[in-house]
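> Take this structure, written in structure tokens, and hold onto it; I'll ask about it next.
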């Protein structure tokens, strides 16, 4: 079952922050975040495993609340290069395939 | 590490012909490979899961006789679109998983199929 992402789209000015949310109605083993630029394949950002954790890389971080079956991606001090569509993907226990949400289109403008 | 390649990058074919897309894991053995399809401005939709040496598992609504998947080795999976029609035009992306208990998936660069 497809996870639900919000918002569907967001426009930021350079330097502003954004939060993208991902929630699932199913128990989750892991949450994966990807960014996709137009015409390209998705690029892996990070994976969060059950047990509830937070991760970060540079100015992009994420959290995973296993009990609530939710994850959030945090982009701080956004840069023009952050523009793209962000997808969360979820994996449920049992080596199930990665299922993607519908995506959040992020546009960063100067 | 964990590089996945796809070939071809793009292909244009006539309606009614068949097209084969290859997906290779270059520096690791992939026990499981996945095929996704993405239409413009939409999300990636899982088509099928393939495990080396066994039949692929197709998602609901995906015609297994139309989209033939072969996972002949731990580094190669192929998707053949048979009797292609214009509505099959899409971006096809494969991904590979390192192991049964390793849930990271690495994606190939995708193949853009246009059926005229």
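Residue numbers (the working numbering), protein chains in the order written: chain A, 1 to 110; chain B, 1001 to 1116. Virtual Cβ for every residue (Gly too), placed ideally from N, Cα, C.
By the DSSP assignment, the beta strand (DSSP E) with residue 74(A) in it spans what residues?
Start at 1 with the first residue of the first chain, and residue 74(A) comes out as number 74. 70-75 is the extent of the beta strand (DSSP E) around residue 74(A).
> Under 8 Å between the Cβ atoms of residue 1068(B) and residue 1090(B)?
Numbered from its first residue, the second chain carries residue 1068(B) at position 68. Numbered from its first residue, the second chain carries residue 1090(B) at position 90. In this structure, residue 1090(B) does not lie closer than 8 Å to residue 1068(B) by Cβ.
> Kindly indicate if chain A contains any beta-carbon less than 8 Å away from that of residue 1053(B).
Stepping through the second chain from its first residue, residue 1053(B) is reached at position 53. For residue 1053(B), the answer is no, since every Cβ of chain A falls outside 8 Å of its Cβ.
> What I want to know is whether the C-beta of residue 1094(B) ends up closer than 7 Å to one or more non-hydrogen atoms of the ligand FMN.
Inclusion of the ligand FMN in the displayed structure is not the case, the ligand content being empty and no account of it being possible.
> Any idea what DSSP makes of residue 1087(B), helix, strand or coil?
Position 87 of the second chain, counting from 1, holds the residue named residue 1087(B). Helix.
> Closest to residue 34(A) by CA distance: which of 108(A), 110(A) and 102(A) is it?
Mapped onto the first chain, residue 34(A) falls at position 34. Nearest option by C-alpha distance: 102(A).
> Below 9 Å on C-beta distance, what does residue 19(A) contact in chain D?
Of the chains in the structure shown, none is chain D; the protein chains are A and B.
> In chain A, what lies closer than 7 Å to residue 1093(B) by C-beta?
Numbered from its first residue, the second chain carries residue 1093(B) at position 93. Here the neighbours are 41.
> Using three-state DSSP, classify residue 1018(B) as helix, strand or coil.
One-based indexing of the second chain puts residue 1018(B) at position 18. Here residue 1018(B) sits in coil by DSSP.
> Can you tell me whether residue 1039(B) is buried or exposed, with buried defined as 16 or more other CB within 10 angstroms of its CB?
If you number the second chain from 1, residue 1039(B) lands on position 39. Classification for residue 1039(B): exposed.
> With DSSP collapsed to three states, give me the class of residue 81(A).
The sequence position of residue 81(A) within the first chain is 81, counting from 1. Residue state, collapsed to three classes: helix.
> Can you find at least 3 beta carbon pairs, one from the region 12-28 of chain A and one from the region 89-98 of chain A, that sit closer than 8 Å?
Touching, yes, given that three or more Cβ pairs across the two stretches are closer than 8 Å.
> Just checking, does the region 1003-1015 of chain B make contact with the region 1046-1060 of chain B on the three C-beta pairs under 8 Å criterion?
Cβ pair count under 8 Å is below three, so no.
> For residue 1075(B), which of helix, strand or coil comes out of DSSP?
If you number the second chain from 1, residue 1075(B) lands on position 75. Coil at residue 1075(B), not helix or strand.
> Which of the three DSSP states, helix, strand or coil, is assigned to residue 9(A)?
On the first chain, position 9 is the one that residue 9(A) refers to. Looking at residue 9(A) - three-state DSSP - the assignment turns out to be strand.
> Anyone know if the C-beta pair for residue 108(A) and residue 78(A) falls short of 8 Å?
For this step, residue 108(A) is matched to residue 108 along the first chain. For this step, residue 78(A) is matched to residue 78 along the first chain. Yes, they are a contact pair.
> By Cβ distance below 6 Å, which residues in the same chain neighbour residue 16(A) in space, the five residues on each side in sequence not counted?
In the first chain, the residue the question calls residue 16(A) occupies position 16. For residue 16(A), where only same-chain residues beyond five positions count, the Cβ hits under 6 Å are 78.
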